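Letter 60 of the sequence shown, counting from 1, is numbered 64 in the working numbering, and no numbers are missing.
Positions of the beta carbon are idealized from the N, C-alpha and C atoms, including for glycine.
No experiment lies behind these values; they were computed from the predicted model shown.
Structure first, commentary second.
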Amino acid sequence: LQNEKRRVRNKGVRAEIRTRTKNAIAAVGTDDEVQALRTAIKRLDKSAAAGVIHKNQAANRKSRLMRRVNAMRAAD
């Protein structure tokens, strides 16, 4: 039962991480860019703190997100 509860909770958190990341990438070049990026990074940190993903995994995802955002900024 504990595993099932955690699985369902973690599933929601992971889905939110993906959504926030997509929103941050979509917001590049708009007025909401900074806010979307900060929200995505905050969610990654919170999920790592809660144990949903490993802290190194959160760091890797933040790094990958920032690389994509900076590449998109440079392309404009």
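Top-ranked residue by Cα proximity to residue i, from the options
i	options	result
Val73	Lys59, Ile57, Thr34, Arg47	Thr34
Asn27	Ala53, Lys9, Arg47	Arg47
His58	Asn7, Asn14, Lys9, Glu8	Asn14
Ala75	Ile29, Gly16, Val12, Asn7	Ile29
Lys66	Ala79, Asp80, Ser51	Ser51
Residue environment, residue i, which counts as buried when at least 16 other CB atoms sit within 10 Å
i	result
Leu5	exposed
Residue i (DSSP reduced to helix, strand or coil)
i	result
Ala31	coil
Leu69	helix
Q) What are the complete alpha helix (DSSP H) segments, minimum 4 residues, inside the region 37-65? A) 37-54
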